[in-house]
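Beneath this line is the structure, given in structure tokens, with notes to follow.
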Amino acid sequence: MGAQITNYLLEKGRVVGQIENERNFHIFYQFTKGASDEQRGMNFPYAFALNTDPLPEAFGLQGPEAYAYTSMSNCLSVQDIDDVQDFRETLVRQTLYHLIIKLTIFQEAMQIIGLSQHEQNEILKMLAVILWLGNVQFQENDDGNSSISDTGVTDFVAYLMEVDPEQVQKVLTARVMETTRGGRRGSIYDVPLNPAQATSGRDALAKAIYNNLFEWIVSRVNVSMKTRSAHAQVIGILVRNGYTFLVIYR
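In terms of my numbering, the numbers along the sequence shown are unbroken and rise by one, the last being 289.
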């Protein structure tokens, strides 16, 4: 007996915007409220300023009120939902449905599906990248193009992604265009973006990261639930509640 999950529709738009009094995905509030001091990176401001290495698990986390993606709808808490407890508790007694819907895959839940400690940290790091990306703001230059309002935010995003800070600034404020001639590759140009275009690109990047992270987690869950023997019957269940996916029980 086993199961397989197929993701049909992930509500990616929720990552970057919600209506008034509606929350982002639960995991962002669980993470920002329930992270450990090590994960929060209590030493981060000092280490980063001194150009030394913070703790390996330091994500520079603050509360959900500090991030645009979690505070814009003015709904940081929900009655009867304990974000801190949800982040810490095991999911042994919960169903697969709750595992996917809430994306609460930490501690024992991560271990159950075979994620190493390094993989767990990388998942948390990507969530932190999304949160900090939402705080990247753009200002309009005299020529109408955009520039980063606070490069300290993009520097931190670059630190989390382990890439060059100048490269992060470049990809957020310009797009690459390539000309073709007779089916052949031509010249490559960097086209500056105005603030509105840059904001849309930033949000698209955040949604893409979350979508790819979700798909990867689903694939790892499927590996852990793969049927170990031949099967003769299949039951398909379509579930829709923020996500839409098909669970196939064999």
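A virtual CB, placed ideally from N, CA and C, is assigned to each residue, including glycine.
Review point. In the structure shown, what three-state DSSP assignment does Arg132 receive?
Key: Residue numbering aside, residue 132 sits at position 93 when the sequence shown is read from its first letter. Per-residue confidence for Arg132 stands at a pLDDT of 36, beneath the threshold of 50, marking its modelled position as unreliable; no derived number is given.
Point to revise | Host alpha helix (DSSP H) of Glu205 (start-end) | key: Numbered from 1 along the sequence shown, position 166 holds the residue referred to as residue 205. Start and end: 204-212.
Check your understanding: Is it true that the CB of Leu154 sits closer than 9 Å to the CB of Arg259?
Key -> As a working mapping, residue 259 is identified with position 220 in the sequence shown. As a working mapping, residue 154 is identified with position 115 in the sequence shown. Yes, these two residues count as a Cβ contact at 9 Å.
Review point. Is Ile187 buried or exposed, if buried means 16 or more other CB atoms sit within 10 Å of its CB?
Key: Translated into positions along the sequence shown, residue 187 becomes position 148. Under this definition Ile187 is a buried residue.
Check your understanding: Near Thr212, what residues of its chain come up, given a Cβ to Cβ distance below 8 Å and the 5 sequence neighbours on each side ignored?
Key -> Against the sequence shown, residue 212 aligns to sequence position 173. Closer than 8 Å at the Cβ level, and outside the excluded window around Thr212, lie Phe177, Asn184, Ser185, Ser186, Ile187, Pro231, Leu232, Ala237.
**Study point:** Residues near Arg79 in its chain [Cβ-Cβ closer than 6 Å; skip 5 each side]
**Key:** Walking along the sequence shown from the start, residue 79 turns up at place 40. A distance below 6 Å between beta-carbons, with the five flanking residues on each side excluded, links Arg79 to the following residues of its chain, in chain order: Leu100.
Point to revise | Where the beta strand (DSSP E) through Thr177 begins and ends | key: Taking the first residue of the sequence shown as 1, we reach residue 177 at position 138. First, the residue type needs correcting, since residue 177 is Phe and not Thr in the sequence shown. Note, Phe177: beta strand (DSSP E), 177-179.
Practice item. Have a look at Gln159 and Gly221 and give me their C-alpha separation to the nearest angstrom. Key: Numbered from 1 along the sequence shown, position 120 holds the residue referred to as residue 159. Numbered from 1 along the sequence shown, position 182 holds the residue referred to as residue 221. CA-to-CA, the gap between Gln159 and Gly221 works out to about 48 Å.
Exercise for review: Give a yes or no on whether the C-beta atoms belonging to Ile152 and Ser263 are separated by under 9 Å.
Suggested key: Mapped onto the sequence shown, residue 152 falls at position 113. Mapped onto the sequence shown, residue 263 falls at position 224. Yes; because the gap between Cβ atoms is below 9 Å, this pair is in contact.
**Study point:** Helix, strand or coil at Met216 according to DSSP, with G and I counted as helix
**Key:** Your numbering for residue 216 matches position 177 in the sequence shown. Note: Met216 maps to strand in three-state DSSP.
Practice item. Taking only runs that begin and end inside the segment 157-203, name each unbroken beta strand (DSSP E) of 3 or more residues, in chain order. Key: The qualifying runs are 177-179, 185-187.
**Study point:** C-alpha gap between Arg53 and Asn261, whole angstroms
**Key:** Your numbering for residue 53 matches position 14 in the sequence shown. Your numbering for residue 261 matches position 222 in the sequence shown. Going by the C-alpha atoms only, they are around 25 Å apart.
Check your understanding: Considering only the beta carbon of each residue, do Cys114 and Asn180 sit closer than 9 Å?
Key -> By 1-based counting over the sequence shown, the position of residue 114 is 75. By 1-based counting over the sequence shown, the position of residue 180 is 141. Taking 9 Å as the Cβ cut-off, Cys114 and Asn180 do not qualify as a contacting pair.
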